[in-house]
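Going line by line, the protein sequences match chains W and Y.
Sequential numbering from 51 applies to the first sequence in the working numbering.
Sequential numbering from 15 applies to the second sequence in the working numbering.
Using N, Cα and C, we set each Cβ at its ideal position, and we do this for glycine too.
Encoded as structure tokens, the structure appears first; notes follow it.
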Amino acid sequence: MYTLHECRYLDAGFLDYPQALSLQKRILNSVIDGEASHTLISCQHPHIITLSRRTRKESILAGQQELEKCNVGIYCADRGGDATYHGPGQIVLYPIFDLRKKEKDLHLYLRRLEETVICALRDNFGLNAYRKSGFTGVWVGPYKVVSIGIGVRHWVTYHGLALNVKTDKSFFSLIKPCGLDVKMASINDFFDDDVSIESVRDMLVKSFCEVFELRMTEV
Amino acid sequence: MIKVYLPELGENITKATISYWYQDEGASVIEGNDLVEVATDKATFNVPAPCSGTLVEILAHEADTVHPGDVLAVIEEDTVTGEGDEPEV
């Protein structure tokens with residue numbers, strides 16, 4: 051009989067970005083050492099711009115004064131991708147996923163992260179969410195709604211995806227999101243009624259389990 | 015001498031960029047510890063040291079493009095010297 055892999059789920063609530071990264075790294079080391087199973091963390095962050103080592107200067111459009119005025123810090127993280135913004139109203143998923151137990155394939159893993167969001171938005175909100183060939187992320191109409199960037203150590207992933215639910219999009223004007231000339235949108239923008247962050251989070255978690263064939267246990 | 019290779023990273027991933035060396039040439043490295051970070055479009059991937067020893071040569075430098083199967087570095091493996099191997103004086 052086919053058995054689903056176990057995945058621990060931790061809703062970390064509202065968490066500073068560096069704290070979330072420390073939490074991820076603690077769990078990452080446990081998963082690498084075989085002491086813990088796959089673990090999915092969900093959280094929201096206070097305003098912050100995060101960069102990767104390969105982010106170019108041109109991806110930050112705002113000057114220091116403007117960043118200070120907006121009360122937004124900058125953090126250089128050990129993930130792939132380019133500049134992105136995190137803030138209230140955005141659901142962040144950090145899967146600490148052991149690819150040694152699935153396929154050692156970063157391309158496939160990234161496509162499955164996109165699939166998680168596409169299925170959640172299509173099945174629960176009827177939104178026609180889609181991929182764009184050659185780009186990582188998920189679009190609805192002409193708008194990008196998800197930022198994705200991951201790190202991998204010993205074939206175990208960390209970092210992940212950020213879905214705008216009711217994000218203050220003015221903060222995206224401080225950067226070139228993902229290094230692209232792209233307009234960002236929130237899920238809330240597509241509906242007249244208010245969309246609850248908690249409901250989107252729960253739908254994303256459910257979709258993650260289905261796409262990655264996991265059985266979730268809350269911790 | 016042990017060669018450090020860039021592994022296959024997945025279907026359709028034919029290249030990556032060296033983004034960061036955790037050690038310089040001449041440094042001691044420990045098996046399993048992060049040696050070099052490579053980056054693809056949306057992922058960073060840490061290549062661990064395949065053995066403990068001395069990092070004698072880095073063949074692909076930061077910002078270089080590399081491909082799966084490329085040799086990134088060479089490590090001179092530590093040799094374990096047992097009591098019976100002690101040179102006679």
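Asked, Found
"ALA63(Y) and GLY46(Y): beta carbons closer than 8 Å?", "yes"
"Comparing C-alpha positions only, which one of TYR208(W), THR207(W) and ILE168(W) sits nearest to TRP189(W)?", "ILE168(W)"
"Listing by chain order, which chain W residues have their CB less than 7 Å from the CB of LEU20(Y)?", "The contacting residues do not exist; LEU20(Y) stays about 12 Å from chain W at best."
"Kindly indicate which residue of GLY24(Y), GLU71(Y), VAL94(Y) and GLY67(Y) has the alpha-carbon position closest to the one of TRP35(Y).", "GLU71(Y)"
"Comparing C-alpha positions only, which one of SER249(W), GLU248(W) and LYS219(W) sits nearest to ALA235(W)?", "LYS219(W)"
"Below 8 Å on the Cβ atoms is my contact criterion, and I expect TYR125(W) with GLY210(W) to pass it. Report the Cβ-Cβ distance as a whole number of Å.", "At roughly 15 Å, the Cβ-Cβ gap does not stay under 8 Å, so TYR125(W) and GLY210(W) are not in contact."
"Quick check: HIS157(W) and ASN26(Y), are their CB atoms within less than 8 Å of each other?", "yes"
"Could you check whether the Cβ of ASN47(Y) sits closer than 8 Å to any Cβ belonging to chain W?", "no"
"Nearest to LEU149(W) by CA position, among SER246(W), ASP252(W), TRP205(W) and GLU248(W), is which residue?", "TRP205(W)"
"Which same chain residues end up closer than 8 Å to SER109(W) when comparing Cβ atoms and leaving out the 5 residues on each side of it in sequence?", "LEU101, ASP132, ALA133, ILE225, LYS226 and GLY229"
"Quick check on HIS157(W): does DSSP put it in helix, strand or coil?", "helix"
"Along the beta strand (DSSP E) that carries ILE237(W), what are the first and last residues, could you check?", "That residue, ILE237(W), is in no beta strand (DSSP E); it is neither H nor E in DSSP."
"Between GLU56(W) and the ligand ATP, is the CB less than 7 Å from at least one heavy atom?", "This structure lacks the ligand ATP, and indeed carries no ligand of any kind."
"For GLY24(Y) and VAL61(Y), I'd like the C-alpha separation in whole angstroms.", "14 Å"
"TYR67(W) lies in the alpha helix (DSSP H); which residues open and close that run?", "67–82"
"What residues from chain Y crowd round ILE146(W), counting only those whose CB sits closer than 9 Å?", "Per Cβ cutoff of 9 Å: no residues; ILE146(W) is ~14 Å from chain Y at best."
"Give a yes or no on whether 8 Å exceeds the smallest Cβ distance from ASP128(W) to chain Y.", "yes"
"Which bits of chain Y does VAL190(W) rub up against, with CB to CB less than 7 Å?", "Per Cβ cutoff of 7 Å: no residues; VAL190(W) is ~19 Å from chain Y at best."
"Give a yes or no on contact between the segment 113–122 of chain W and the segment 77–90 of chain W, applying the rule of three or more CB pairs nearer than 8 Å.", "no"
"Chain W beta carbons: is any one of them nearer than 8 Å to that of THR93(Y)?", "no"
"Along the segment 200–221 of chain W, where does the CB come closer than 7 Å to a CB of chain Y? Name the residues.", "ILE200, GLY201, VAL202, ARG203 and HIS204"
"What residues are listed by DSSP as bridge partners for TYR135(W)?", "ILE99(W)"
"Could you please give me the residues that DSSP links to LYS194(W) through a beta bridge?", "TRP189(W) and MET234(W)"
"Which of helix, strand or coil does DSSP assign to GLY229(W)?", "helix"
"At a CB distance below 7 Å, what residues from the segment 151–174 of chain W approach chain Y? Give them in sequence order.", "ASP155, LEU156, HIS157, LEU158 and LEU160"
"Within the 8 Å Cβ cut-off, does ILE91(W) reach chain Y?", "no"
"Spatial neighbours of ARG172(W) within its chain, please: C-beta separation below 8 Å, excluding the five flanking residues on both sides.", "ASN178 and ALA179"
"Got a sec, what are the start and stop residues for the beta strand (DSSP E) PHE64(W) sits in?", "55–64"
"Straight-line CA distance for GLU268(W) to GLY84(W)?", "19 Å"
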